[in-house]
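Peer 1:
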Amino acid sequence: MPDTELPQTPGPGAGTVYEPTARTVPTRSRERAAYEREQIHSILDEAYVCHLGFVRDGAPVVLPTLFGRVGERLYVHGSTGSRPLRTAGGNDDGLAVCLTVMHVDGLVLARSAFHHSLNYRSVVVHGIAHTVTDPEERRTALDAIVEQVVPGRAQDSRPANEKELAATAVIRLDLREVSAKIRTGGPNDEPEDLALPHWTGVVPLTRGFAAPVPADDLDPAIAVPDYLSAL
Numbered sequence: 060m061p062d063t064e065l066p067q068t069p070g071p072g073a074g075t076v077y078e079p080t081a082r083t084v085p086t087r088s089r090e091r092a093a094y095e096r097e098q099i100h101s102i103l104d105e106a107y108v109c110h111l112g113f114v115r116d117g118a119p120v121v122l123p124t125l126f127g128r129v130g131e132r133l134y135v136h137g138s139t140g141s142r143p144l145r146t147a148g149g150n151d152d153g154l155a156v157c158l159t160v161m162h163v164d165g166l167v168l169a170r171s172a173f174h175h176s177l178n179y180r181s182v183v184v185h186g187i188a189h190t191v192t193d194p195e196e197r198r199t200a201l202d203a204i205v206e207q208v209v210p211g212r213a214q215d216s217r218p219a220n221e222k223e224l225a226a227t228a229v230i231r232l233d234l235r236e237v238s239a240k241i242r243t244g245g246p247n248d249e250p251e252d253l254a255l256p257h258w259t260g261v262v263p264l265t266r267g268f269a270a271p272v273p274a275d276d277l278d279p280a281i282a283v284p285d286y287l288s289a290l
């Protein structure tokens, strides 16, 4: 399938939400489901690692990997010897996958063990992954994966050369069948447990960055770039 056949931006009438499907409506806690396009993009863009699930030889496989988003597409890269990337490119029908990301925002400690939980933001994407063969789109995808980790880094590093590109496969997954699930707030204790003498509440989790550590062979004259200082 030509790379140009899959849109990178919402088509006419796509609206501000992704249309729920049988696979994107949760069976439990449906009130936590969200389909707003902007909210889903923000959850994806904040993540470093996704988990890519597929079926290999009749058994499920889930791989943690880096990814990047460009408009309405997600890109995942890996070795040309990688099984899922080979499968996605060796079949005109592509490879059926499920991709997920999750952020943990807090530990929710209830009075009862049963009601302990997490505050979180997650996204699940179902679809068919295809290998990217167009050279320009491949470079765009690889830049996006670098930018996903550190915005501004793609322009401050040597791009992949032909040998490196030949050893790297990229697959794309369109954001069409997508949902988020989000939990916020405190514990949900049972009324009969409210008088129990146990601490209850939320322990917030935040992401932080330590000072950059230069490589041993870095020229001392090269200062920490602004995009790293901004972190």
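So for the sequence shown, this note's numbering puts the first residue at 60; every next one is plus one. Virtual Cβ for every residue (Gly too), placed ideally from N, Cα, C.
(1) Return the chain-ordered ranges of every alpha helix (DSSP H) run that is complete within the stretch 136–211 and spans a minimum of 4 residues.
(2) Give the DSSP-derived three-state secondary structure of H257 in the structure shown.
(3) Could you please give me the residues that DSSP links to G245 through a beta bridge?
(4) For L264, name the three-state secondary structure that DSSP assigns.
(5) Tell me where the beta strand (DSSP E) around I230 begins and ends.
(6) Taking the beta carbon of K240 as the centre, do at least 16 other beta carbons fall within 10 Å, making it buried, or is it exposed?
(7) Could you check whether V205 and R212 sit closer than 8 Å to each other, using their CB atoms as the reference points?
(8) Contact check, V261 vs L133 under 8 Å by CB: the rounded distance?
(9) Classify E78 as helix, strand or coil using the three-state DSSP reduction.
Peer 2: Straight from the coordinates:
(1) 142–148 and 194–208
(2) coil
(3) Note: G245 sits in no beta bridge, so no partner.
(4) Three-state result, L264: coil.
(5) Here the beta strand (DSSP E) through I230 covers T227 to D233.
(6) buried
(7) yes
(8) At roughly 31 Å, the Cβ-Cβ gap does not stay under 8 Å, so V261 and L133 are not in contact.
(9) Here DSSP, grouped into helix, strand and coil, assigns E78 to coil.
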